[in-house]
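If you read the sequences in order, they're chains A and B. Per this note's numbering, the first sequence runs over residues 1 to 257. Per this note's numbering, the second sequence runs over residues 1 to 538. For every residue, glycine included, the Cβ atom is placed at its ideal position computed from N, Cα and C. For reference, the structure discussed in these notes is given below.
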Amino acid sequence: MSTSQATTTEHPALAHQFDSMEQQQDASTFGMWVFLLTEIMMFGGLFTAYLIYRIKYYPAFVAGSTSISVSWGFANTLVLIGSSFTMAMAVWAAQKGKRNAQVWFLIGTMVLGAVFLGVKAKEYYDKFDECHIPGHVIGKGFNSWGGCSATDKSLGNIAEEIRHGNPSTPEVSAEQTAKQTEIFFSFYFAMTGLHAFHMLIGMGLLSWLTLRAKRGDFGPAYYTPVELGGLYWHFVDIVWIFLFPLLYLISRHQHGV
Amino acid sequence: MKPVMPERHYLNDNYGIRSWLFTKDHKRIAILYLFSVTFFFLIGGVFASLIRLHLLTPNGELFEADTYNKLFTMHGVNMVFFFLIPSVPAVLGNFLMPIMVGTKDLAFPKINLLSWYLYMAGGTFSMAAMVSGGVDSGWTFYAPLSSGYLKTHVIMLAVGVIIAGFSSIFTGLNFIVTVHRMRAPGMTWGRLPLFVWSNYAASLIMILGTPVIAITLILLALERGFHIGIFDPKLGGDPVLFQHMFWFYSHPAVYIMILPGMGVISEIVPCFSRKRIFGYSFVAFSSIAIAVFGFVVWAHHMFVAGISVYSALVFSLLSYAVAIPSAVKVFNWTATMYKGSIEMSTPMLYAMAFIGLFTIGGLTGLFLAALGLDVHIHDTYFVIAHFHYVMVGGMVTAYLGGLHFWWPKMTGKMYPEPPAKLAALITFIGFNLTFFPQFILGYMGMPRRYWAYPPEFQVLNVLSSAGASILAVGFILPLLYFAWSLKYGEVAGDNPWHATGLEWETSSPPPTHNFHHMPIVTKEPYAYGEGEEVPVVH
Numbered sequence: 001m002s003t004s005q006a007t008t009t010e011h012p013a014l015a016h017q018f019d020s021m022e023q024q025q026d027a028s029t030f031g032m033w034v035f036l037l038t039e040i041m042m043f044g045g046l047f048t049a050y051l052i053y054r055i056k057y058y059p060a061f062v063a064g065s066t067s068i069s070v071s072w073g074f075a076n077t078l079v080l081i082g083s084s085f086t087m088a089m090a091v092w093a094a095q096k097g098k099r100n101a102q103v104w105f106l107i108g109t110m111v112l113g114a115v116f117l118g119v120k121a122k123e124y125y126d127k128f129d130e131c132h133i134p135g136h137v138i139g140k141g142f143n144s145w146g147g148c149s150a151t152d153k154s155l156g157n158i159a160e161e162i163r164h165g166n167p168s169t170p171e172v173s174a175e176q177t178a179k180q181t182e183i184f185f186s187f188y189f190a191m192t193g194l195h196a197f198h199m200l201i202g203m204g205l206l207s208w209l210t211l212r213a214k215r216g217d218f219g220p221a222y223y224t225p226v227e228l229g230g231l232y233w234h235f236v237d238i239v240w241i242f243l244f245p246l247l248y249l250i251s252r253h254q255h256g257v
Numbered sequence: 001m002k003p004v005m006p007e008r009h010y011l012n013d014n015y016g017i018r019s020w021l022f023t024k025d026h027k028r029i030a031i032l033y034l035f036s037v038t039f040f041f042l043i044g045g046v047f048a049s050l051i052r053l054h055l056l057t058p059n060g061e062l063f064e065a066d067t068y069n070k071l072f073t074m075h076g077v078n079m080v081f082f083f084l085i086p087s088v089p090a091v092l093g094n095f096l097m098p099i100m101v102g103t104k105d106l107a108f109p110k111i112n113l114l115s116w117y118l119y120m121a122g123g124t125f126s127m128a129a130m131v132s133g134g135v136d137s138g139w140t141f142y143a144p145l146s147s148g149y150l151k152t153h154v155i156m157l158a159v160g161v162i163i164a165g166f167s168s169i170f171t172g173l174n175f176i177v178t179v180h181r182m183r184a185p186g187m188t189w190g191r192l193p194l195f196v197w198s199n200y201a202a203s204l205i206m207i208l209g210t211p212v213i214a215i216t217l218i219l220l221a222l223e224r225g226f227h228i229g230i231f232d233p234k235l236g237g238d239p240v241l242f243q244h245m246f247w248f249y250s251h252p253a254v255y256i257m258i259l260p261g262m263g264v265i266s267e268i269v270p271c272f273s274r275k276r277i278f279g280y281s282f283v284a285f286s287s288i289a290i291a292v293f294g295f296v297v298w299a300h301h302m303f304v305a306g307i308s309v310y311s312a313l314v315f316s317l318l319s320y321a322v323a324i325p326s327a328v329k330v331f332n333w334t335a336t337m338y339k340g341s342i343e344m345s346t347p348m349l350y351a352m353a354f355i356g357l358f359t360i361g362g363l364t365g366l367f368l369a370a371l372g373l374d375v376h377i378h379d380t381y382f383v384i385a386h387f388h389y390v391m392v393g394g395m396v397t398a399y400l401g402g403l404h405f406w407w408p409k410m411t412g413k414m415y416p417e418p419p420a421k422l423a424a425l426i427t428f429i430g431f432n433l434t435f436f437p438q439f440i441l442g443y444m445g446m447p448r449r450y451w452a453y454p455p456e457f458q459v460l461n462v463l464s465s466a467g468a469s470i471l472a473v474g475f476i477l478p479l480l481y482f483a484w485s486l487k488y489g490e491v492a493g494d495n496p497w498h499a500t501g502l503e504w505e506t507s508s509p510p511p512t513h514n515f516h517h518m519p520i521v522t523k524e525p526y527a528y529g530e531g532e533e534v535p536v537v538h
């Protein structure tokens, strides 16, 4: 569409189907946004299913929510926001053509991403320890009362307490409450698992970007890949910004477990 | 002057298997898709033939009940996910979209190639599920049957469908970015060919709907693999939620299938009526309207699944609303043909078949959207007949019409007209004989997916099976004469149909970068002038 091709020499990164670097960057960024729309719909399906069950099985979901650690979740939120900052700085460094800064900010982003995944692994391990892994395939089996021993009835007790506080919630048996709590954990692992999977893909992208940045591929004339990587990374962070309150914070039981 | 083949074009620019498997040329990727889509169509067709063969007799003598379940499952999965969804967009759309908007390629050629590999990988998984014993969940994967009870390879098939889904997401993404950012100078939105508009609308559904089926099938696989509760009531889950999530994609998906077909018809009808399309902007925006309405009608598949009567009412009303933009298209095509100088070439025969059959398919859809009537005909052969009138009578007919219409552009050779007309006629007769009896069967109460049936239904079933064998002939003929035309066909020339549109301004077959001189658009599409000399097509 533009005729800048005639006046400037062609950048080596200009793909043949585009007329100019501007058109290329514009199309690529637009494409990334369209892809993120797809991602929103994918997470959206999962979020909707979670919210439906949350309304249906409110006491059990509050009990499940109470059993996961807000402090670790909060720490991880800070880590991710920090990684978004370093990512934004990496894009800025690429735009300015600061080669070393780019590399270090990208590495910093990856380190923070790894810290996040490490904390997530610790949280998963705690759930394994507490017999909160749903299904009977992995883990020690989900206890029908939501604890490791027959006497550990903590989650069931919380659900009971909430049910008594809300006369409108339907009466259900203890076994049903246990199953409903198990569904909370099904979603907890599905949602955080899908998010962690996206983090892993993001880390892969960042490693590739780091290698290219080190080679000196990016500068003021061409930094599209870093910007697209940044868009993706920020998107994955934003997903967490929704996951954290949905899973950890809202209607948490005051007394804890 | 006899037309001659151009010296260099996309087919002879490069030789060797690597030049095809690593190509980033959208036209070559379209040819790759053409072969693979045809392959899956034939496999799906074999399953369909076996189903019809089995239903010749009422007592289920040919196959065991379990085998029969596998047959209709694999027929549905192959046809829906590996033929109908990619057919027009990934074959004709891939070939034509960049040329029609006047650019050298799609915005992301590597992603385009990746989409073909994903499609093949998805196909490989589904074939693997097929040969390692088959799957009997039905193409709808309803839980908890699929997640808790079946002993077959449900997960493998689901993985195949998820992967193929990403291939269609990438195709849609490429189309959207190309249409938005890569149009030739002067190619305004109001000058886009209607084929581009309808593929654009279908792309919107691909990128917004497909991720939902992906996450649904992932949850299904998690439930099946790890026994965690999501949809299975035994584990505390809700099976109706699965149906909501499944149809949230799978209903709009039928518009992914039909919208590009409608785009094909919108190109063929003005060309062979030698007239401007009637109501360009109405036809263009009705595509968008169908895509938007398509997202809010999914629960009409669930009227008997125990959803509340109030939401059923709303979904019934909204389903009726889809008929409006669909009817806009049908009326505008008809108005385009009115007083046109109609040339009964093969593509036009298919287009006219499409208009008639799609109208029947669409109107019977209203029967099913009516709450009271749906209780009676839900899950009967009436649904099967309705669906196949839209999908085979509509979509496959449009695909074949488009393939004939653009065959000279894609290969540079003309197909032979007499056998092509004969094939169109055979397809039309075979199709109606196969599926019209199924309307009556369904209305009389024959349920779908049954392995045996009461003897009084046999006459209609035999009619249907007889029709299927005629239909098969109609589908195999084009394979033969298309192949024949590659060697013996007449050289087509740049514009054998005297059609408008950028694709007809470049050579046939087009050069690798599509145009010898990048085009500048100065006129509206479909400027088939009045008083123009009527071309004679041989």
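Check your understanding: Ordered along the chain, which non-local residues of its own chain (more than five positions away) have a Cβ less than 6 Å from that of Lys487/B?
Key -> Numbered from 1 along the second sequence, position 487 holds the residue referred to as residue 487/B. Cβ within range, chain order: n/a, list empty.
Check your understanding: If you measure from the beta carbon of Ser20/A to each beta carbon in chain B, is any gap under 8 Å?
Key -> Along the first sequence, one-based indexing puts residue 20/A at 20. No, no contact with chain B.
Review point. How would you list, in chain order, the residues of chain B whose beta-carbon sits under 8 Å from the beta-carbon of Gln102/A?
Key: Along the first sequence, one-based indexing puts residue 102/A at 102. In chain order: nothing, as chain B lies at least about 24 Å away.
Point to revise | Contact belief for Trp406/B with Leu96/B at Cβ below 8 Å, rounded distance in angstroms | key: The residue you call residue 406/B lines up with position 406 of the second sequence. The residue you call residue 96/B lines up with position 96 of the second sequence. Their Cβ separation, rounded to whole angstroms, is 7 Å, which keeps Trp406/B and Leu96/B in contact under 8 Å.
Review point. Does any residue of chain A bring its CB to less than 8 Å from the CB of Lys487/B?
Key: Along the second sequence, one-based indexing puts residue 487/B at 487. No, no contact with chain A.
Review point. In angstroms, rounded to a whole number, what distance separates the CA positions of Ser562/B and Tyr10/B?
Key: Look at the range of chain B in this structure, 1 to 538, and you will see that residue 562/B is not part of it.
Point to revise | Cβ pair Ser167/B, Phe272/B closer than 8 Å | key: Mapped onto the second sequence, residue 167/B falls at position 167. Mapped onto the second sequence, residue 272/B falls at position 272. Contact flag unset, no.
Review point. How many Å lie between Ile241/A and Ala60/A at the Cα?
Key: The residue you call residue 241/A lines up with position 241 of the first sequence. The residue you call residue 60/A lines up with position 60 of the first sequence. Roughly 23 Å between the two C-alpha positions.
Point to revise | Asp129/A CB to nearest heavy atom of the ligand ZN below 7 Å | key: Although the ligand ZN was asked about, the structure shown includes no ligands whatsoever.
Practice item. Would you identify the three-state DSSP class for Val491/B, choosing helix, strand or coil? Key: Within the second sequence, residue 491/B is the residue found at index 491, counting from 1. Strand at Val491/B.
Practice item. State the DSSP-derived secondary structure class of Gly165/B, mapped to helix, strand or coil. Key: Numbered from its first residue, the second sequence carries residue 165/B at position 165. Note: Gly165/B maps to helix in three-state DSSP.
Practice item. State the CB to CB distance for the pair Glu490/B and Met410/B, rounded to an integer number of angstroms; the pair is presumed to be in contact (CB under 8 Å). Key: Numbered from 1 along the second sequence, position 490 holds the residue referred to as residue 490/B. Numbered from 1 along the second sequence, position 410 holds the residue referred to as residue 410/B. 15 Å between Cβ atoms; not a contact.
Check your understanding: Using a beta-carbon distance cut-off of less than 9 Å, what residues from the segment 202-233 of chain A approach chain B?
Key -> none
Point to revise | Beta carbon of Ile99/B nearer than 8 Å to that of Pro408/B | key: As a first step, residue 99/B must be located in the second sequence, where it is residue number 99. As a first step, residue 408/B must be located in the second sequence, where it is residue number 408. Going by C-beta atoms, Ile99/B is not nearer than 8 Å to Pro408/B.
Practice item. Using beta-carbon positions only, say whether Pro260/B and Pro89/B come within less than 8 Å of one another. Key: Along the second sequence, read from residue 1 onward, the residue named residue 260/B stands at position 260. Along the second sequence, read from residue 1 onward, the residue named residue 89/B stands at position 89. For Pro260/B and Pro89/B, yes; Cβs fall inside 8 Å.
Check your understanding: With distances taken from CA atoms, which of Leu357/B, Leu145/B, Pro109/B and Ser19/B is nearest Asn69/B?
Key -> In the second sequence, counting from the first residue as 1, residue 69/B sits at position 69. For the residues Leu357/B, Leu145/B, Pro109/B and Ser19/B, the minimum Cα distance to Asn69/B belongs to Leu145/B.
Check your understanding: To the nearest angstrom, how far is it from the Cα of Tyr443/B to the Cα of Asp374/B?
Key -> Numbered from 1 along the second sequence, position 443 holds the residue referred to as residue 443/B. Numbered from 1 along the second sequence, position 374 holds the residue referred to as residue 374/B. The straight-line gap from Cα to Cα measures roughly 11 Å.
Practice item. Would you be able to state if there are at least three C-beta pairs under 8 Å between the segment 215-230 of chain B and the segment 262-280 of chain B? Key: no
**Study point:** Contiguous alpha helix (DSSP H) assignments of at least 4 residues, all confined to the segment 3-48 of chain A
**Key:** 4-7
Exercise for review: Could you check how far apart the C-beta atoms of Thr178/B and Ala107/B are, in whole angstroms? I think they sit under 8 Å.
Suggested key: Within the second sequence, the letter at position 178 stands for residue 178/B. Within the second sequence, the letter at position 107 stands for residue 107/B. Contact flag correct, Cβ pair sits at about 5 Å.
Check your understanding: According to the neighbour-count rule (16 or more other Cβ atoms, all chains shown, within 10 Å of its Cβ), is Val77/B buried or exposed?
Key -> Position 77 of the second sequence, counted from the first residue, corresponds to residue 77/B. Per the 10 Å Cβ criterion, buried.
Point to revise | C-beta neighbour in chain B for Asp129/A, strict 8 Å | key: Numbered from 1 along the first sequence, position 129 holds the residue referred to as residue 129/A. Not an interface residue.
Practice item. Compute the distance between the beta-carbons of Lys104/B and His11/A, then report whether it is under 8 Å. Key: To locate residue 104/B, count along the second sequence from 1; it is residue 104. To locate residue 11/A, count along the first sequence from 1; it is residue 11. No, the Cβ-Cβ distance between Lys104/B and His11/A is not below 8 Å.
Practice item. Return helix, strand or coil for Tyr450/B, following the three-state DSSP convention. Key: What you label residue 450/B is simply residue 450 of the second sequence in a count that begins at 1. Three-state result, Tyr450/B: coil.
Check your understanding: Does any C-beta atom of chain A lie closer than 8 Å to the C-beta of Pro519/B?
Key -> Here the question's residue 519/B lines up with position 519 in the second sequence. By this cut-off, Pro519/B is not an interface position.
Point to revise | Distance between beta carbons of Phe235/A and Glu22/A, contact taken as under 8 Å | key: On the first sequence, position 22 is the one that residue 22/A refers to. On the first sequence, position 235 is the one that residue 235/A refers to. Contact doesn't hold; Cβ gap of about 24 Å is too wide.
Check your understanding: So which residues on chain A does Thr216/B lean against when the C-beta distance must stay under 7 Å?
Key -> The residue you call residue 216/B lines up with position 216 of the second sequence. Simply Gly45.
**Study point:** Sequence-distant residues of the same chain with beta carbon closer than 7 Å to Leu46/A, five excluded per side
**Key:** Translated into positions along the first sequence, residue 46/A becomes position 46. Same-chain partners within the cutoff: Ala190, Met191 and Leu194.
Review point. Are the C-beta atoms of Lys140/A and some chain B residue less than 8 Å apart?
Key: On the first sequence, residue 140/A is found 140 positions in, with the first residue counted as 1. Lys140/A does not count as touching chain B.
Check your understanding: Helix or strand or just coil, what does DSSP make of Thr359/B?
Key -> Here residue 359/B is taken as the residue at index 359 of the second sequence, counted from 1. DSSP places Thr359/B in helix when its eight states are reduced to three.
Exercise for review: Give a yes or no on whether 8 Å exceeds the smallest Cβ distance from Ile238/A to chain B.
Suggested key: Along the first sequence, read from residue 1 onward, the residue named residue 238/A stands at position 238. By this cut-off, Ile238/A is not an interface position.
Exercise for review: Flag Pro510/B as yes if its beta-carbon sits less than 8 Å from any beta-carbon of chain A, otherwise no.
Suggested key: For this step, residue 510/B is matched to residue 510 along the second sequence. It does not; no Cβ of chain A falls within 8 Å.
Practice item. Give every residue of the same chain whose Cβ lies closer than 8 Å to the Cβ of Ile360/B, excluding the five residues on either side of it in the sequence, and list them in chain order. Key: As a first step, residue 360/B must be located in the second sequence, where it is residue number 360. Excluding sequence neighbours, Ile360/B sits near Tyr389 and Gly393.
Point to revise | Same chain, Cβ closer than 7 Å to Gly165/B, neighbours up to 5 away in sequence not counted | key: On the second sequence, position 165 is the one that residue 165/B refers to. Same-chain partners within the cutoff: Thr210, Ile213 and Ala214.
Point to revise | Contacts around Leu231/A, its chain only, beta-carbon distance under 8 Å, and the 5 residues preceding and following it disregarded | key: Taking the first sequence and counting its residues from 1, one reaches residue 231/A at position 231. The answer, listed in chain order, is Thr29, Met32, Trp33 and Leu36.
Exercise for review: Consult DSSP for Lys96/A and reduce its assignment to one of helix, strand or coil.
Suggested key: Position 96 of the first sequence, counted from the first residue, corresponds to residue 96/A. It is helical.
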